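Peer 1: Residues -21 to -1, 1 to 266, numbered by mature numbering (1 follows the signal peptide of the UniProt record, and there is no 0), are exactly what the sequence shown covers, in order. This structure is in structure tokens; I'll ask about it shortly.
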Amino acid sequence: MPFIKTFVFITFFCVASLSQAQTEQQAKTDPQHPHETIHIAVASNFTFAMNELITQFEANTGHSVKASYGSSGKIYAQIQHGAPFQIFFSADQAKPKALEDAGMVVADSRFTYAVGALVLWSTKPDLIVNGESVLSGDDFNKLALANPKLAPYGAAAVQVLEQLNRVKSTRSKWIQGENIAQTYQFVATGNADLGFVALSQLKQAQLKQASPKPDSSWVVPQTLYSPIKQDAVLLKRGKDSAAAKALISFIQSNQGRTIIESYGYTSTSNAVTNQSKHLDQQIHVDQ
């Protein structure tokens, strides 16, 4: 019996000591708020990658992240009207820079977290043999693209059509999604014969399917559209949030970049992005 009591006491002491050490470590990280819940706004094309990033971040830190997904244009407008987000992950550079210019972000917090790629995709296996050829032919009735006024991937799609001189011949066939997620659904459900989607969406579909369904696609050469550099900013509402700053650090870490690249993006360094004289013009893209 004395041995059992001694063993139980030692076990209890070890568990209590470990728990105290963990608590002390959390307090060192943020003495006032060991665990926080933060609210972020994320471009819809980055949904799957962000979900995995959040899962890993929450497991690593104990913080909680509530994410709202949508078109960058709508999120931008919501932030301008006081939406309570602490970080904004846009699908372009223009909107974060505009918020920066308006004094709505923490100074020097803007950075490029991913560079996206555009794909012309169809669920019909034999439709897209050559991307340029199919866009000039009559083998499709509906072409899906995200609204270029709201979604950078939609603006990139219009650039491709302009470069190929296919705007006039295809415009009557356009079906526009509010964001890239809805655009993907138009094609996936057969409401459009083909459409411009994000490479990351196709990567995610492949990961989810045990036996990928036959389809056809064309990874659009990046010479046909401006790089889809996706910037994030720490908004003024997040300036005192240790969790918000920790999430940004995690996304910029090697682990974060590895996750981002696994979804078909090119990751970048954590340097603040260079300003471009064309960014202001990119905020509103005419149809």
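Glycine included, C-beta positions come from ideal geometry on N, C-alpha and C. Remember, it's a predicted structure, so these values are computed and weren't measured experimentally.
Please classify Q260: does DSSP put it in a helix, a strand, or coil?
Peer 2: For the purposes of this step, residue 260 is taken as the residue at position 281 of the sequence shown. Its pLDDT being 37, under 50, Q260 is placed unreliably in this model, and the coordinates cannot settle the point.
Peer 1: Can you tell me which of E240, V198 and K152 puts its alpha carbon nearest to the alpha carbon of D117?
Peer 2: Within the sequence shown, residue 117 is the residue found at index 138, counting from 1. Nearest C-alpha to D117: K152.
Peer 1: Any idea what DSSP makes of A77, helix, strand or coil?
Peer 2: As a working note, residue 77 is residue 98 in the sequence shown. Of the three classes helix, strand and coil, the one that applies to A77 here is helix, per DSSP.
Peer 1: Measure the CB-CB distance between L99 and F25 and report whether it falls below 7 Å.
Peer 2: Position 120 of the sequence shown, counting from 1, holds the residue named residue 99. Position 46 of the sequence shown, counting from 1, holds the residue named residue 25. No, the Cβ-Cβ distance between L99 and F25 is not below 7 Å.
Peer 1: With 16 other CB atoms within 10 Å as the buried threshold, where does N240 fall?
Peer 2: Against the sequence shown, residue 240 aligns to sequence position 261. In the sequence under discussion, the amino acid at residue 240 is Glu, which differs from the Asn named in the question. Flag for E240 reads exposed.
Peer 1: Would you kindly work out how many angstroms separate the C-alpha atoms of F36 and S47, rounded to a whole number?
Peer 2: Counting from one through the sequence shown, the residue named residue 36 turns up at place 57. Counting from one through the sequence shown, the residue named residue 47 turns up at place 68. In a straight line, the C-alpha of F36 is about 17 Å away from that of S47.
Peer 1: Roughly how many angstroms lie between the CA atoms of Y55 and G235, to the nearest whole one?
Peer 2: Counting from 1 along the sequence shown, the entry for residue 55 is found at position 76. Counting from 1 along the sequence shown, the entry for residue 235 is found at position 256. Roughly 24 Å between the two C-alpha positions.
Peer 1: Once you ignore the five residues that flank I58 on each side, which residues in its own chain have a CB closer than 8 Å to its CB?
Peer 2: Working through the sequence shown from its first residue, we reach residue 58 at position 79. Around I58: A20, F64, F67, L78, M83 and L214.
Peer 1: Going by DSSP in three states, K187 sits in which element: helix, strand or coil?
Peer 2: Taking the first residue of the sequence shown as 1, we reach residue 187 at position 208. Of the three classes helix, strand and coil, the one that applies to K187 here is helix, per DSSP.
Peer 1: If you count every other CB in all the chains shown that lies within 10 Å of the CB of G169, and 16 or more means buried, which is it?
Peer 2: Within the sequence shown, numbered from 1, the residue matching residue 169 stands at position 190. Flag for G169 reads exposed.
Peer 1: Where does F90 fall in DSSP's three states?
Peer 2: One-based indexing of the sequence shown puts residue 90 at position 111. In this structure, F90 counts as strand in the three-state DSSP scheme.
Peer 1: Ignoring anything shorter than 3 residues, give me the beta strand (DSSP E) runs that lie fully in the region 202 to 237, in order along the chain.
Peer 2: Segments of the beta strand (DSSP E) lying fully in the region 202 to 237: 207 to 213.
Peer 1: Quick check: the Cα distance between A134 and P127, rounded to an integer number of angstroms?
Peer 2: Reading the sequence shown from its first residue, position 155 is the one you call residue 134. Reading the sequence shown from its first residue, position 148 is the one you call residue 127. So the alpha carbons of these two residues sit roughly 4 Å apart.
Peer 1: On the criterion of 16 or more Cβ atoms from any shown chain inside 10 Å, does D87 qualify as buried, or is it exposed?
Peer 2: The residue you call residue 87 lines up with position 108 of the sequence shown. So D87 counts as exposed.
Peer 1: Would you mind listing the alpha helix (DSSP H) stretches within the region 36 to 81 that are 4+ residues and don't spill past its ends, in chain order?
Peer 2: For the region 36 to 81, whole alpha helix (DSSP H) runs of length 4 or above, ordered along the chain, are 51 to 59 and 73 to 80.
Peer 1: I'd like the span of the beta strand (DSSP E) that includes T16, first residue to last.
Peer 2: Working through the sequence shown from its first residue, we reach residue 16 at position 37. Run containing T16: T16 to A22, per the beta strand (DSSP E) assignment.
Peer 1: Cα-Cα, which of G95, Y242, L203 and T34 is closest to R145?
Peer 2: For the purposes of this step, residue 145 is identified with residue 166 of the sequence shown, where counting begins at 1. The shortest C-alpha separation from R145 is found at L203.
Peer 1: Give the straight-line distance between the Cα atoms of S43 and V85, rounded to the nearest whole angstrom.
Peer 2: Against the sequence shown, residue 43 aligns to sequence position 64. Against the sequence shown, residue 85 aligns to sequence position 106. Cα-Cα distance, rounded: 21 Å.
Peer 1: Suppose the cutoff is 8 Å on Cβ atoms and the five residues either side in sequence are ignored; what does the same chain contact list for K224 look like?
Peer 2: For the purposes of this step, residue 224 is taken as residue 245 along the sequence shown, with counting starting at 1. These residues qualify, in order along the chain: L213 and G217.
Peer 1: Which residue comes first and which comes last in the beta strand (DSSP E) that contains G156?
Peer 2: Residue 156 sits at position 177 when you count from the first residue of the sequence shown. Per DSSP, G156 belongs to the beta strand (DSSP E) from W153 to G156.
Peer 1: Quick check: P131 and I17, are their CB atoms within less than 7 Å of each other?
Peer 2: Residue mapping note: residue 131 aligns to position 152 of the sequence shown, counting from 1. Residue mapping note: residue 17 aligns to position 38 of the sequence shown, counting from 1. Going by C-beta atoms, P131 is not nearer than 7 Å to I17.
Peer 1: To the nearest angstrom, report how far apart S196 and D71 are at their CA atoms.
Peer 2: Walking along the sequence shown from the start, residue 196 turns up at place 217. Walking along the sequence shown from the start, residue 71 turns up at place 92. Going from the Cα of S196 to the Cα of D71 covers about 23 Å.
Peer 1: Going by DSSP, name the residue or residues bridged to F175.
Peer 2: Taking the first residue of the sequence shown as position 1, residue 175 is located at position 196. L99, per the DSSP bridge assignment.
Peer 1: Determine the contact status of G52 and H14, defining contact as a CB-CB distance below 7 Å.
Peer 2: Numbered from its first residue, the sequence shown carries residue 52 at position 73. Numbered from its first residue, the sequence shown carries residue 14 at position 35. For G52 and H14, no; Cβs fall outside 7 Å.
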